[in-house]
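Data block below; observations after.
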């Protein structure tokens, strides 16, 4: 990546698009400190998160990430997948963590599957659990890597609606996606990356769609 300059405001719903390999997912991973940039800086709430004094766990509790492959713990039930971080990162008591998890699971229609393991869930159900697990921590920013890539059309529409309905309006969301139906339904701002750089950054309107179509031919 080169010359990346991205300003994210509260409540933004940003989709980053572009061909595979241009650095979209790498950008998300840098924001969540899963990878470190070789130069430059990243600021969150006005402070550099690349400082030696940065509390990485504290940052990650405020910057949630939903992975393309769900990243659920296969040996834990749905309920424990959600309560684990609440108990160990947020230091919330088990009963309170369970109440938080159950409230969110009801919102996504999975309250009857709390004792199931990931292997017994559909792709759409796994993604909903992954979303709930992240939202339970009440992040200020939500990073979403290809949320619909492994889902059937019906599940993709459900996840798109879910993200729009369940996430607090003050939470900023940055998503990487090749699913143009998701992009057009979800984003209020679209960032186009090419050759490791941001080529275009603008509101999700017809002008933006035409601009991206001319550059990439993916709309």
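Residue numbers (the UniProt record's numbering): 1 to 219.
Don't be surprised by glycine CBs; every beta carbon is placed ideally from N, CA and C.
Model, not experiment: these values are computed from the prediction.
Check	Outcome
Residue 291 versus residue 50: straight-line alpha-carbon distance, rounded	With the chain covering 1 to 219 only, the question about residue 291 has no answer from this structure.
CB-CB length for residue 104 against residue 135, believed under 8 Å	6 Å
Within the stretch 128-205, ranges of the beta strand (DSSP E) (whole runs, at least 3 residues)	141-145, 172-176, 189-194 and 197-203
Complete alpha helix (DSSP H) runs within the stretch 61-134 (minimum length 4 residues, chain order)	78-88 and 94-107
At least three beta-carbon pairs within less than 8 Å, the stretch 138-154 to the stretch 163-174	yes
Buried or exposed by the 16-neighbour rule on C-beta atoms within 10 Å, applied to residue 91	exposed
Whether residue 146 touches residue 191 by CB criterion (8 Å)	no
Residue from 195, 184 and 197 whose Cα sits closest to the Cα of residue 203	184
Whole-angstrom distance between residue 35 and residue 219, CA atom to CA atom	Confidence at residue 219 is low in this model, with a pLDDT of 46, below 50, so its placement is unreliable and the value that follows should be read with caution. Cα to Cα, residue 219 sits roughly 30 Å from residue 35.
Cβ separation of residue 108 and residue 78, assumed to be a contact under 8 Å, to the nearest whole Å	About 11 Å separates the two Cβ atoms, so there is no contact after all.
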